[in-house]
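Notes to accompany the following structure.
Number of protein chains: 2
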Amino acid sequence: MEQHSNNLKYKHLGIYTQNENVVYMHKDCHACISEGFEALTRIRISNASHSIVASLNVINSDMLLPNEIGLSDAAANKLNISQNETLNVSHLEPIESLSHVRAKIYNQKLDYNAYSQIITDIVEGDYSNIHLSAFITACAGERMDIDEISALTKAMIASGKQLNWDQEIVVDKHCIGGLPGNRTTPLVVAIVAAYGLTMPKTSSRAITSPAGTADTMEVLTNVTLSLEEIKTVVEKEGGCFVWGGTAQLSPADDVLIKIEKALDIDSEGQLIASVLSKKAAAGSTHVVIDIPVGETAKVRSTGIAQKLKSHLETVGNAVGLIVKVVITDGTQPVGRGIGPTLEAIDILKVLKNEGDAPNDLKERALFLAGELLELSGKIGKGKGTETAKEVLKSGKAYEKFLAICKAQGRFTLPVLAPHKVEIKADKSGVIKRIDNRKIAKLAKLSGAPQSKSAGILLNVHLGEKIENNQLLYTLYAESKGELNYALDYKNNHNDIITII
Amino acid sequence: MEQHSNNLKYKHLGIYTQNENVVYMHKDCHACISEGFEALTRIRISNASHSIVASLNVINSDMLLPNEIGLSDAAANKLNISQNETLNVSHLEPIESLSHVRAKIYNQKLDYNAYSQIITDIVEGDYSNIHLSAFITACAGERMDIDEISALTKAMIASGKQLNWDQEIVVDKHCIGGLPGNRTTPLVVAIVAAYGLTMPKTSSRAITSPAGTADTMEVLTNVTLSLEEIKTVVEKEGGCFVWGGTAQLSPADDVLIKIEKALDIDSEGQLIASVLSKKAAAGSTHVVIDIPVGETAKVRSTGIAQKLKSHLETVGNAVGLIVKVVITDGTQPVGRGIGPTLEAIDILKVLKNEGDAPNDLKERALFLAGELLELSGKIGKGKGTETAKEVLKSGKAYEKFLAICKAQGRFTLPVLAPHKVEIKADKSGVIKRIDNRKIAKLAKLSGAPQSKSAGILLNVHLGEKIENNQLLYTLYAESKGELNYALDYKNNHNDIITII
Chain W
1 MEQHSNNLKY KHLGIYTQNE NVVYMHKDCH ACISEGFEAL TRIRISNASH
51 SIVASLNVIN SDMLLPNEIG LSDAAANKLN ISQNETLNVS HLEPIESLSH
101 VRAKIYNQKL DYNAYSQIIT DIVEGDYSNI HLSAFITACA GERMDIDEIS
151 ALTKAMIASG KQLNWDQEIV VDKHCIGGLP GNRTTPLVVA IVAAYGLTMP
201 KTSSRAITSP AGTADTMEVL TNVTLSLEEI KTVVEKEGGC FVWGGTAQLS
251 PADDVLIKIE KALDIDSEGQ LIASVLSKKA AAGSTHVVID IPVGETAKVR
301 STGIAQKLKS HLETVGNAVG LIVKVVITDG TQPVGRGIGP TLEAIDILKV
351 LKNEGDAPND LKERALFLAG ELLELSGKIG KGKGTETAKE VLKSGKAYEK
401 FLAICKAQGR FTLPVLAPHK VEIKADKSGV IKRIDNRKIA KLAKLSGAPQ
451 SKSAGILLNV HLGEKIENNQ LLYTLYAESK GELNYALDYK NNHNDIITII
Chain A
1 MEQHSNNLKY KHLGIYTQNE NVVYMHKDCH ACISEGFEAL TRIRISNASH
51 SIVASLNVIN SDMLLPNEIG LSDAAANKLN ISQNETLNVS HLEPIESLSH
101 VRAKIYNQKL DYNAYSQIIT DIVEGDYSNI HLSAFITACA GERMDIDEIS
151 ALTKAMIASG KQLNWDQEIV VDKHCIGGLP GNRTTPLVVA IVAAYGLTMP
201 KTSSRAITSP AGTADTMEVL TNVTLSLEEI KTVVEKEGGC FVWGGTAQLS
251 PADDVLIKIE KALDIDSEGQ LIASVLSKKA AAGSTHVVID IPVGETAKVR
301 STGIAQKLKS HLETVGNAVG LIVKVVITDG TQPVGRGIGP TLEAIDILKV
351 LKNEGDAPND LKERALFLAG ELLELSGKIG KGKGTETAKE VLKSGKAYEK
401 FLAICKAQGR FTLPVLAPHK VEIKADKSGV IKRIDNRKIA KLAKLSGAPQ
451 SKSAGILLNV HLGEKIENNQ LLYTLYAESK GELNYALDYK NNHNDIITII
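In order, the protein sequences belong to chains W and A. Here the UniProt record's numbering is used: the first residue of the first sequence is 1, the next is one more, and so on. Here the UniProt record's numbering is used: the first residue of the second sequence is 1, the next is one more, and so on.
Right under this line is the structure:
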């Protein structure tokens, strides 16, 4: 190969494509011609220290000279590039692990080695979105058996960094989402850490919901911490609430979650591998997992929940975790706020023992904290919730919460969005049904979670008697366009909240 | 919605992304801010006459001003845009048919209405590559039953234009690929049309092979014809060999095939729907389908071929076609050339009855033309091949071939690629095995089909005795880079041709 002719001078273009690696080369570029590159070819780009795979866009204007090369911001960052640097381009060697993806598409069972090769190549960035989507789809719809889910989970743990703590017991919790506003995690961390357990909590951002725990906590504190910083916080305070992405724990998960978000799916196998790989990589030993069940929750029936519970416990055991799964009520949103800022406000009210704190959110957090205290063996059976209640009431949980936020770099009070509109009942009656999915969609259309202060402040819960014209909820948005877009959806769906 | 503030001035950027619609907007653009658009958001772009969906890339340099908007070439073409035109951007309305794709991912059976909505949205360009890949994967691996394949086929027929011919009998043939060099179609069209039947042949480009019939015929004539032009050619000559893409017959197929190519899969349901929808939309009534079977062909066993045969005939019947499936030998490449130009050379040799014409290619073409003549009812059982032979020998097939090429706009003689290397035997013995997949891959690495004259000229067939150092095949390429890349692959794989 004539390597010398494939060297091109980097020019900054400033094109932001999110995570996608795109390379721009002029149509008359010698490497394009001699290597036979054409648009959307995936090619390898290297500098002295790094190497990435990117999709080619061909430039036929004067934006680039034939001896110049441009990169999307994501690609430039991964190469840690400087202006005028020389880059080498070459054909992408065949991605051997794609043969395993094809085998999976054709319903074959894959072993640990196959999953390991796939996950390694995904973390390397060698898969295009088309490949990632095919892998996720081929693994969805119960097409992975329990051995395969264990193998995938192990492969995902091995693909990234792993934390180790000088503690025999390291606790964690996770909620199989689907319930808007159900932000118990920060409360549980605060209570359990205040009690004296170690709980190094890494959370994801929203996949298909209006907020993930990381999105909500980012309103109040920094959540993007390095592994070193996380270690420092946890050693000092016994707990943290950070985004799992930059911690490089199970990094494949972060790539796969973006595609699942675009598809709006969250399949059983990927879900189990995602949750348990993050927990194991974070060094947890004892994990409580909450599955809310409801007609419009992520898990719709107790039968499905029981199966998921069994699979989570089996796979958990296979990767060395003690897992307890609890099945809870998922018939309606929890708390009042839906969206990062609005949920953060709820959390602070509970921690401060304020009179108008949402009781449903508080009760759930106490129950889960209690389960975790019991699972750890530090508290006797049936006494967990009571202990958690004492810790919260004493103000120690709030103190711990503030201390962790400060250790993570800041504590910021939440601020409401500038645009809002109140939605009122068009008749009197009883709240019969609140559609979790539709209310989540409404919050997303208003801008959450990208717009932190967007979302919904819910004023009613199931079974409440209401008068005509009484306030049901308030929609918040950071831009008028988003507020109108959410209103459009609300006006076209009269079954978001059903009154009879 | 504040529509007026979402109008932006178009600026030509000259970014070629193949078929992908990309829109470029400045990070400080008022529409980005007010609508809450972020990178990779899919948004709707409209001018006075057209509307498309595109993925947003955000510009943070002076490439664009905040009130300007850029488009990838594909997107600009679809909008038929002119410089300085004003474009309107808006949120993409939710794509309702994606709920059907999710249902399919979760193993639900879809009906005609569901497939119809999916295919309509795909043709509209509303699906991203992630959505397309998920749909293809969810339908692969025998996850569609025969009713679903029929429904998908009907939906694909209805999604595009449909040709009607003033003929009771309109014949067609198709080969379920996988055999390099097996370019019988142009020969069959020439023979059958010379005999007097109507055969309006539309072909695809290569999916995962080094050449499709459209790629090969493009060496010799124009294959990108409008529906009107196709009509004119067929009415005059009784046959044509055109690319099916611009004819807008089953346009969803052209979109799906690009994704299948990236995944390197070709699943049963999509394959049947692809083949039969094209035939039905082209107005065919009687179709012969050839399935070559061999260890390294696309179809590997007679059992699989029999099942595919049964499904093709059943679905064919469901969409109103008389289908005859023949199962043929697929143990090795057919003819000598592999790659568009090299295959075109083989075709001309057969048509001109030249002494060194590849006999295997000729025999197959005569057999298939004979089957078609018999299926049409114009020739008695068992007499088809004989009749086809007479037509070929008389020179009438060659005359017809030239006449069709000229009616399509040109007849150009093929020209060999500038770079070549001869690959010789490293021992004497007998040719025991030729790996169809590996030899196809080698031809692709040399540049075929994008580089028309790239590929392989095969000098040996199974069972032949050869001497040490005897020529096995010649590799052709249009660039040295591609030649070297193919050689790298050849040097790393010693089982492309096995001598024992």
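Where a beta carbon is used, it is the ideal one built from N, C-alpha and C, also for glycine.
> If you measure beta-carbon to beta-carbon, which residues of the stretch 132 to 146 of chain W are closer than 9 Å to chain A?
Replying inline: Leu132, Ser133, Ala134, Phe135, Ile136, Thr137, Ala138, Ala140, Gly141, Glu142 and Arg143
> Apart from the five residues on each side of it in sequence, which residues of its chain come closer than 7 Å, Cβ to Cβ, to asparagine 84 of chain W?
Replying inline: One-based indexing of the first sequence puts residue 84 of chain W at position 84. The answer, listed in chain order, is Lys9 and Tyr10.
>> Using the three-state DSSP reduction, which class does asparagine 492 of chain A fall into: helix, strand or coil?
In response: Mapped onto the second sequence, residue 492 of chain A falls at position 492. Assigned with DSSP and collapsed to three states, asparagine 492 of chain A falls in helix.
> If you drop the 5 nearest sequence neighbours on each side, which residues of the same chain put their C-beta closer than 7 Å to that of lysine 444 of chain A?
Replying inline: As a working mapping, residue 444 of chain A is identified with position 444 in the second sequence. So the list reads Pro210, once near-sequence residues are dropped.
>> The alpha helix (DSSP H) that contains lysine 261 of chain W, what's its start and end?
In response: Taking the first sequence and counting its residues from 1, one reaches residue 261 of chain W at position 261. Taken as a continuous stretch (DSSP letters only), the alpha helix (DSSP H) holding lysine 261 of chain W covers 251 to 263.
> What does glutamine 248 of chain W touch in chain A if you count any residue whose Cβ is under 8 Å from its own?
Replying inline: As a first step, residue 248 of chain W is located in the first sequence; it is residue number 248 there, counting from the start. Neighbours of glutamine 248 of chain W on chain A: none; closest Cβ ~22 Å, over 8 Å.
>> Considering only the alpha carbon of each residue, which of W:Gly339, W:Asp166 and W:Ala252 lies closest to aspartate 215 of chain W?
In response: Along the first sequence, one-based indexing puts residue 215 of chain W at 215. If you compare the alpha carbons of W:Gly339, W:Asp166 and W:Ala252 with that of aspartate 215 of chain W, the shortest gap goes to W:Gly339.
> Roughly how many angstroms lie between the CA atoms of leucine 227 of chain W and proline 200 of chain W, to the nearest whole one?
Replying inline: Along the first sequence, read from residue 1 onward, the residue named residue 227 of chain W stands at position 227. Along the first sequence, read from residue 1 onward, the residue named residue 200 of chain W stands at position 200. Leucine 227 of chain W and proline 200 of chain W: Cα-Cα distance of roughly 11 Å.
>> Can you tell me which residues form a DSSP beta bridge with glutamate 68 of chain A?
In response: Position 68 of the second sequence, counted from the first residue, corresponds to residue 68 of chain A. Its beta-bridge partners are A:Lys9.
> Who does alanine 477 of chain W pair with in a DSSP beta bridge?
Replying inline: Working through the first sequence from its first residue, we reach residue 477 of chain W at position 477. Alanine 477 of chain W pairs with W:His419.
> Is the distance from the Cβ of glutamine 117 of chain A to the Cβ of serine 97 of chain A below 8 Å?
Replying inline: Here the question's residue 117 of chain A lines up with position 117 in the second sequence. Here the question's residue 97 of chain A lines up with position 97 in the second sequence. Result yes, Cβ atoms of glutamine 117 of chain A and serine 97 of chain A sit closer than 8 Å.
> If you compare alpha carbons, which of A:Thr314, A:Thr498 and A:Glu464 is closest to asparagine 436 of chain A?
Replying inline: As a position in the second sequence, residue 436 of chain A is number 436, starting the count at 1. With distances taken between Cα atoms, asparagine 436 of chain A lies closest to A:Thr498.
> Starting from histidine 100 of chain W and walking both ways along the alpha helix (DSSP H), at which residues does that stretch end?
Replying inline: The residue you call residue 100 of chain W lines up with position 100 of the first sequence. Residues 98 to 105.
>> Less than 8 Å between C-beta atoms, sequence neighbours within five positions excluded: which residues of the same chain meet that for alanine 297 of chain W?
In response: Counting from one through the first sequence, the residue named residue 297 of chain W turns up at place 297. Here the set comprises Gly178, Leu179, Gly330, Thr331 and Asn436.
>> Using C-beta distances below 7 Å, list every residue in its chain close to serine 301 of chain W, excluding the 5 sequence neighbours before and after it, in chain order.
In response: The count along the first sequence starts at 1 and reaches residue 301 of chain W at position 301. The answer, listed in chain order, is Val293.
> Using a Cβ cut-off of 9 Å, which residues of the stretch 473 to 488 of chain A contact any Cβ in chain W, in chain order?
Replying inline: Under the 9 Å Cβ criterion, the stretch 473 to 488 of chain A contributes Ala477, Glu478, Ser479, Lys480, Gly481, Glu482, Asn484, Tyr485 and Asp488.
> Which whole-angstrom value is the C-beta distance of leucine 220 of chain W and cysteine 405 of chain W, which I expect to be below 8 Å?
Replying inline: Here the question's residue 220 of chain W lines up with position 220 in the first sequence. Here the question's residue 405 of chain W lines up with position 405 in the first sequence. Leucine 220 of chain W to cysteine 405 of chain W, Cβ: 6 Å. Contact.
> Are the beta-carbon atoms belonging to serine 479 of chain W and isoleucine 33 of chain A less than 8 Å from one another?
Replying inline: Counting from 1 along the first sequence, the entry for residue 479 of chain W is found at position 479. Counting from 1 along the second sequence, the entry for residue 33 of chain A is found at position 33. Going by C-beta atoms, serine 479 of chain W is nearer than 8 Å to isoleucine 33 of chain A.
> If the cut is a Cβ gap below 7 Å, which residues of chain W does asparagine 57 of chain A touch?
Replying inline: Locating residue 57 of chain A in the second sequence gives position 57, where the first residue counts as 1. Those within 7 Å of asparagine 57 of chain A in chain W are Ile15, Tyr16 and Thr17.
>> According to DSSP, simplified to helix, strand and coil, what is serine 274 of chain A?
In response: By one-based count along the second sequence, residue 274 of chain A stands at place 274. Three-state result, serine 274 of chain A: helix.
> When the Cα atoms are used, what is the spatial distance from isoleucine 265 of chain A to isoleucine 52 of chain W?
Replying inline: For the purposes of this step, residue 265 of chain A is taken as the residue at position 265 of the second sequence. For the purposes of this step, residue 52 of chain W is taken as the residue at position 52 of the first sequence. So the alpha carbons of these two residues sit roughly 25 Å apart.
> Can you give the Cα-Cα distance for alanine 318 of chain A and alanine 357 of chain A, rounded to whole angstroms?
Replying inline: The residue labelled residue 318 of chain A in the question sits at position 318 within the second sequence. The residue labelled residue 357 of chain A in the question sits at position 357 within the second sequence. Approximately 40 Å, taken between the alpha carbons.
> Quick one, which residues of the stretch 261 to 285 of chain A are near chain W if we go by CB-CB under 8 Å, in chain order?
Replying inline: Ala262, Leu263, Asp264, Ile265 and Ser267
> Going by DSSP, which residues form a beta bridge with asparagine 200 of chain A?
Replying inline: Counted from its first residue, the second sequence places residue 200 of chain A at position 200. Sequence inspection shows proline at residue 200 of chain A; the asparagine mentioned does not correspond to that position. In DSSP, proline 200 of chain A forms a bridge with A:Cys240.
> Residues in its own chain within less than 8 Å of isoleucine 496 of chain A by CB, not counting five upstream and five downstream?
Replying inline: What you label residue 496 of chain A is simply residue 496 of the second sequence in a count that begins at 1. Only Ile434, Asp435, Lys438, Ile439, Leu442 and Lys490 meet the Cβ criterion.
>> Please report whether the beta-carbon of tyrosine 115 of chain W lies at a distance below 8 Å from any beta-carbon of chain A.
In response: Indexing the first sequence from 1 puts residue 115 of chain W at position 115. Closer than 8 Å: no.
> My guess is that valine 421 of chain W and isoleucine 500 of chain W are in contact by the Cβ rule of under 8 Å, so how many angstroms apart are they, rounded?
Replying inline: Taking the first sequence and counting its residues from 1, one reaches residue 421 of chain W at position 421. Taking the first sequence and counting its residues from 1, one reaches residue 500 of chain W at position 500. With a beta-carbon spacing of about 25 Å, valine 421 of chain W and isoleucine 500 of chain W fall beyond the 8 Å limit used to define contacts.
> Which two residues bound the contiguous alpha helix (DSSP H) that contains arginine 364 of chain W?
Replying inline: As a position in the first sequence, residue 364 of chain W is number 364, starting the count at 1. Here the alpha helix (DSSP H) through arginine 364 of chain W covers 359 to 375.
> Which residues, taken in chain order from the stretch 61 to 76 of chain A, show a beta carbon closer than 7 Å to some beta carbon of chain D?
Replying inline: Considering every chain present, this structure includes no chain D. Its protein chains are W and A.
> Of all the CB atoms in chain W, is at least one closer than 8 Å to the CB of leucine 98 of chain A?
Replying inline: Taking the first residue of the second sequence as 1, we reach residue 98 of chain A at position 98. Any Cβ of chain W closer than 8 Å to the Cβ of leucine 98 of chain A would place that residue at the interface, and such an atom is present.
> Straight-line CA distance for arginine 102 of chain W to glycine 141 of chain W?
Replying inline: Your numbering for residue 102 of chain W matches position 102 in the first sequence. Your numbering for residue 141 of chain W matches position 141 in the first sequence. Here the alpha carbon of arginine 102 of chain W sits roughly 16 Å from the alpha carbon of glycine 141 of chain W.
>> Three Cβ pairs or more, each shorter than 8 Å: is that satisfied between the stretch 182 to 199 of chain A and the stretch 445 to 459 of chain A?
In response: Short answer: they don't touch.
> Applying the criterion that 16 or more other CB atoms from any shown protein chain within 10 Å of the CB defines a buried residue, is arginine 410 of chain A buried or exposed?
Replying inline: Here residue 410 of chain A refers to the residue found at position 410 when the second sequence is read from its first residue. Exposed, since its Cβ has fewer than 16 Cβ neighbours within 10 Å.
> Between the Cα of glutamine 306 of chain A and the Cα atoms of A:Glu268, A:Gln470 and A:Ser277, which residue gives the shortest distance?
Replying inline: As a working mapping, residue 306 of chain A is identified with position 306 in the second sequence. Checked all of A:Glu268, A:Gln470 and A:Ser277; the closest Cα to glutamine 306 of chain A is A:Glu268.
> Going along the chain, which residues of its own chain have a beta-carbon closer than 8 Å to the beta-carbon of isoleucine 272 of chain A, five neighbours each way excluded?
Replying inline: Within the second sequence, residue 272 of chain A is the residue found at index 272, counting from 1. Around isoleucine 272 of chain A: Ile149, Thr153, Leu308, His311, Leu312 and Val315.
> What's the C-alpha gap between alanine 403 of chain A and glutamate 295 of chain A?
Replying inline: In the second sequence, counting from the first residue as 1, residue 403 of chain A sits at position 403. In the second sequence, counting from the first residue as 1, residue 295 of chain A sits at position 295. If I take the Cα positions, the gap works out to 39 Å.
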